[in-house]
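Going by full-length UniProt numbering, the first residue of the sequence shown is number 1, and it counts up by one from there. Since the structure comes first, as structure tokens, the remarks are kept for the end.
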Amino acid sequence: MTGFRDMSRIKKVWERTTQYFRRTRSQDLIGKTEQQAADVIVSAPLWRKKSTQLIGGAAVLLTVAGIIGYQQYTQYVERNTFQFYHVYMNGEVVGTVENPGAVDQLVDAAAVKVQQANPDITMVLDSGDITYESDKAFKAVPETEATLAKLEGMFTSHAVGVEVKIDGNVIGVVKDQATADSILKRVQSKFAPELAAAAKGSRTVTALSYNKEGKVEVSEPESDQELTEPGRVVTAVSFVEEVQVASVDISPTEIAEGEEVYKKIIDGSTKPTKYIVQSGDCIGCIAQKFEISPQVIYENNPWIEDDRITVGDELDLTVLQPELTVRTVESVVELEKIAAPVEVNKNDKIRVGETKVIRQGVEGTQRLTYEIVKQNGYVVTEELMNKEVIVEPISEIVEKGTMVVLGEGTGRFAIPVKNYRITSKYGQRWGRLHSGIDFIGNKGIRASDSGVVEYVGSRTGTGKTIIINHQNGFKTLYGHLNSYNVKQGAKVQKGDQIGIMGNTGNSTGTHLHFEIHKNGVPQNPMKYL
């Protein structure tokens, strides 16, 4: 900057002029005194007197002119003295400007420029601590443009993101709080889809809340009323791990996309796990051994049916291990039928094997309330919290016959051979119907039910044969016998020995061929035994 800083030189010129005229006047006064003394003796010439008068007048004129000139000069200097400002950043001299407002405008423009360069991120301009010092100078010319250019070059900037931490470990930094909330809610929705449904209905779920330290706290859904109808409702949701979110200053290049952070949380550290079934293993045993839910085994191995696994089978026990565990508590209500109890009364007027329903039973209904705890969608615990009978069942009253009629069947058949083994079943065999079952076992053959011996003799195919008529539409046939213990017309009771197992007729070895006929039609004996 150029310009005069003070008026010291002007003051010095003025002081020298006034001192000169003072010295001249003093010398004139001394000379005048001496002249007066001389004039006593000799009279001074006239021209000398005039000269002295002229000099005195000139001195007066010069003095007046000097005063007037100084005043004009002072006014000139004042008119050309301008104010300006020294600019400092963090205590360091930057330059001079005509007006601090120019710096303010520079800062505002730089902040806008930084934000426009990263429109999707919150940016902060680091302009430092800018201070000013006011000053004045004659014909001052501040270096405003150069100062602003230098100052702008000293500016830096940074982004403000939101850091997501799980158990103290930084998972990622996203652009804002809304993105962080969205990620955590997506994680909840993935493992607890009921949350989204609950939020749309009459029941609301406050999925996330934060305390003063930015930690995610347990939040509980609010229910309009207690669940009484069949269904389920999420009563609590929380993260097992400690989750924190907080604003951090960071480089724009280090801010991650929300999808990237979400996948990092969900994918976690999944590691494939295979297991070969050993002797004595069961689904529940393996689940307990690996501390996983049986549901994982069923989902990963859909080929398993009815819990059947065999030694040597390979099971996929891979469990998704996300960085975050969503714990949900559900209230589940189910309605269950209550079977009608049966009251049995004996009646000696009704034949053995017969029953009579006196009053039909009516099923009841009860409401069961369970509390189910899940982690990432897998059931951890299931507890019955309440059982309430809504409709009491009505018992069925039945009379059971006790009257025994000799030679009449009960309708309930027993296997005619003790320590038996079936060697051939009912059905097609060698192109024709095998109308009974073949047994081997103890040699004694017993009546399958009470009845009257209708036939004792030899028949084509079955050899020595006994047929018992049970007097209720059923008949039983015993073939390939070795000998008989009964005669035609005899009344036998269930379990009586009627013959000995043999190998007669069309037989390939000692065994019993046994048939049951209903109204003359062969039946599959296994339906009645």
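C-beta: ideal position from N, C-alpha, C; glycine also. Since this is a predicted model, take the numbers as computed values, not measurements.
Distance between residue j and residue i (C-alpha atoms, nearest Å)
| i | j | result |
| --- | --- | --- |
| M403 | G409 | 12 Å |
| G161 | S238 | 24 Å |
| E98 | E92 | 18 Å |
| G153 | I265 | 41 Å |
| I309 | V277 | 7 Å |
| G268 | I166 | 12 Å |
| residue 532 | V234 | Residue coverage of the chain in this structure runs from 1 to 529, which leaves residue 532 outside it and unanswerable. |
| V243 | A146 | 50 Å |
| I121 | V326 | 29 Å |
| V103 | S247 | 29 Å |
| V112 | D129 | 19 Å |
| D307 | N347 | 45 Å |
| V486 | E454 | 10 Å |
| I445 | I498 | 6 Å |
| Q375 | T179 | 24 Å |
| K475 | F514 | 11 Å |
| D316 | I304 | 11 Å |
| residue 564 | A236 | Lying outside 1 to 529, the shown extent of the chain, residue 564 is not represented and no answer is given. |
| N118 | Y73 | 57 Å |
| T355 | R412 | 13 Å |
| F4 | F155 | With a pLDDT of 44 at F4, under the threshold of 50, the predicted position of this residue should be treated as unreliable, though the coordinate-derived value follows. Looking at the two C-alpha atoms, the distance is approximately 33 Å. |
| I67 | K136 | 26 Å |
| M526 | D496 | 21 Å |
| L125 | V174 | 19 Å |
| Y275 | I286 | 9 Å |
| S182 | V329 | 22 Å |
Pick from the options that is closest to residue i, judged by C-alpha positions
| i | options | result |
| --- | --- | --- |
| G436 | D348, P193, I415 | I415 |
| G463 | P322, N506, D348 | N506 |
| G361 | E392, S189, D281 | E392 |
| S331 | E343, D306, L384 | L384 |
| E163 | Q177, K150, T156 | Q177 |
| V452 | G441, I467, M526, Q366 | I467 |
| Y254 | G172, V333, T147 | According to the sequence shown, residue 254 is Glu rather than Tyr. Residue G172 is the option with its Cα nearest to E254. |
| L151 | V94, G284, V380 | V94 |
| Q295 | T381, E343, R351 | T381 |
| T504 | G461, V114, N472, P525 | G461 |
| M501 | L481, I516, G509 | L481 |
| P272 | A256, V319, C285, H470 | V319 |
| P100 | A110, H86, A109 | H86 |
| V187 | Q321, Y275, H517, V342 | Q321 |
| K518 | I286, E291, G473 | G473 |
| D449 | Q428, Q471, V344, S424 | Q471 |
| N524 | G489, Q428, L184 | Q428 |
| Y420 | G69, Q288, G520, L529 | L529 |
Which of helix, strand or coil DSSP assigns to residue i
| i | result |
| --- | --- |
| A44 | Low local confidence applies: a pLDDT of 47 at A44 is under 50, so the model's placement there is unreliable, with the coordinate-based value given in what follows. Of the three classes helix, strand and coil, the one that applies to A44 here is coil, per DSSP. |
| N482 | strand |
| G427 | strand |
| P522 | strand |
| V296 | helix |
| V103 | helix |
| A192 | coil |
| Y420 | coil |
| L184 | helix |
| T206 | Note that T206 scores 45 on pLDDT, short of 50, meaning its location in the model is unreliable; the coordinates nonetheless yield the value given after this. If DSSP states are grouped into helix, strand and coil, T206 belongs with coil. |
| L148 | helix |
| G284 | helix |
| V404 | coil |
| E363 | coil |
| V77 | helix |
| Q72 | helix |
| V326 | strand |
| I67 | helix |
| Q83 | strand |
| Q115 | helix |
Beta carbon of residue i nearer than 7 Å to that of residue j
| i | j | result |
| --- | --- | --- |
| Y478 | V456 | no |
| A340 | E396 | yes |
| L335 | T369 | no |
| S127 | V107 | yes |
| V333 | P230 | yes |
| H511 | I422 | no |
| V352 | G401 | yes |
| residue 530 | T144 | Any answer about residue 530 is impossible in this case: the structure gives the chain only from 1 up to 529. |
| K494 | L406 | no |
| K337 | E363 | yes |
| S241 | L148 | The question names Ser, yet the displayed sequence has Glu at residue 241. In this structure, L148 does not lie closer than 7 Å to E241 by Cβ. |
| K425 | N442 | no |
| R367 | I390 | yes |
Should the region 255 to 265 be called in touch with the region 299 to 318, which here means at least 3 C-beta pairs below 8 Å? no
When you compare the region 75 to 92 with the region 140 to 158, are there three or more beta-carbon pairs, one atom per stretch, that lie closer than 8 Å? yes
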